Amino acid sequence: MDNKEILNLEKAGKIASQTVKYARNFIKRDMFLLNIAEEIEDKIIQLGGSPAFPINLSINEVAAHSTPAYNDSAKAHGLLKIDIGVHINGYIADTAFSLDLDNLEENKKLINAAEAALLSAVELVKEKKIVKVREIGAVISKTIEKYGLQAVRNLSGHSIEKNEIHAGITIPNYDNAQEKILEKGIYAIEPFVTNGVGTVRDGKPSGIYALTKEGNVRDQFAREVLTYIKENYLTRPFCSRWLYKKFGSRALIALKRIEESGLLHNYPQLIESSGKPVAQAEHTIAITSKDVIILTDIIDSLNIYK
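In this note's numbering, the protein residues as written are 16 to 321.
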């Protein structure tokens with residue numbers, strides 16, 4: 016990574032951290048999820064960044080991949096995960112936190128465990144600098160088990176590359192026996208914690224998409240929408256809500272045509288297999304030849320429920 020890349024990443028991380036602090040202060044129970052998502056996305060833009068993916072607002076047993084539709088009337092409640100991505104010129108910082116909106120001790124315990132596991136993992140990487148992925152997974156799961164809870168084993172952290180939020184390297188939330196060492200690069204460490212069975216299954220489509228293949232479609236308006244997707248999102252995730260805002264209701268039909276052509280991946284919601292609530296915490300780090308840089312604000316993760 017050269018200085019320009021580091022500067023872009025540091026700016027993305029700073030904006031993501033500022034947005035987290037902003038979101039923590041304004042989100043309240045019974046707010047419309049649509050209003051929350053749009054306010055967070057607008058804040059990212061105000062601060063000089065762009066959303067790297069649609070804001071994920073996942074409640075209770077929905078662990079991830081949930082964003083409001085353009086006409087969504089759902090309200091915030093329960094154990095709410097807020098997953099935020101910011102990019103500057105394609106360089107991405109990814110961060111997440113959880114809020115207990117029902118004032119339940121079990122929710123607070125889950126959040127504490129997720130935050131503590133994240134802090135333990137980040138501290139391990141900073142201390143050792145050369146670290147195996149299994150070591151990160153081990154410290155995450157051991158920290159979570161101290162709370163009498165367990166990690167979600169089929170969700171994980173991930174490497175990040177330019178315009179690619181999930182770039183191929185997996186950072187487990189348990190000791191998966193993989194000896195791979197994290198080399199120089201950008202990584203999201205992302206514990207998910209539950210009091211359920213500790214796995215997720217696919218749920219209903221989320222309305223979050225990513226362009227996965229080259230190609231075209233026959234319908235003229237669908238081609239216009241596809242061109243817009245290619246030019247504005249590249250391989251980064253986007254959502255039907257964004258296209259509705261740009262093109263109106265016709266965009267939803269165009270999106271269906273593009274999906275039918277096999278050019279898009281529609282992410283399913285990820286649901287804890289036993290229906291139990293899930294907490295999430297996440298930070299992005301950069302491993303360079305000289306140092307480990309915490310791109311998103313680790314101090315904010317000290318806001319753990321007492």
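Think of the CB as a built atom: it goes at the ideal place given N, C-alpha and C, for glycine as much as any other residue. Note that the coordinates shown come from a computational prediction; the quantities given were computed from them, not determined experimentally.
Query                                                                                                                                                      : Result
Buried or exposed: which applies to Q284, given that a residue is buried once 16 or more other Cβ atoms fall within 10 Å of its Cβ?                        : buried
On the CB-based measure, 16 or more other CB atoms within 10 Å of its CB, does E56 come out buried or exposed?                                             : buried
Quick one, are the C-beta atoms of I103 and N23 less than 8 Å apart?                                                                                       : yes
Grab me the residues of E274's own chain with a C-beta within less than 7 Å of its C-beta, minus the 5 sequence neighbours each way, in chain order.       : N281
Between the segment 259-279 and the segment 188-207, do at least 3 Cβ pairs fall closer than 8 Å?                                                          : no
Here's the rule I'm using: 16 or more other beta-carbon atoms within 10 Å means buried, otherwise exposed. How should D45 be labelled?                     : exposed
Put D57 into one of helix, strand or coil per three-state DSSP.                                                                                            : helix
I'd like to check one pair, G211 with E130: are the Cβ atoms closer than 8 Å?                                                                              : no
Considering only residues of the same chain and omitting the five flanking positions on each side of S13, which have a CB-CB separation below 7 Å?         : Summary: the structure shown does not reach residue 13, with the chain confined to residues 16 through 321, and so no result is reported for it.
Report back the beta-carbon spacing between E114 and I97 to the nearest angstrom; my notes put them in contact at under 8 Å.                               : According to the sequence provided, residue 114 is Leu. The question's Glu does not apply to it. L114 to I97, Cβ: 7 Å. Contact.
Terminal residues of the continuous beta strand (DSSP E) containing N71?                                                                                   : 71-74
Tell me, to the nearest whole angstrom, how far the beta carbon of Q165 is from that of T209; I am working on the premise that it is less than 8 Å.        : 6 Å
Tell me which residues share the same chain as T139 and place their Cβ nearer than 8 Å to its Cβ, disregarding the 5 neighbours each side in the sequence. : A small correction: the amino acid at residue 139 is Leu; Thr does not occupy that position in the sequence shown. So the qualifying residues of the chain are V146, E150, I151, V154.
Output yes or no for whether 8 Å exceeds the beta carbon distance between L170 and V215.                                                                   : yes
Just list the residues that DSSP pairs E287 with in beta bridges.                                                                                          : V215
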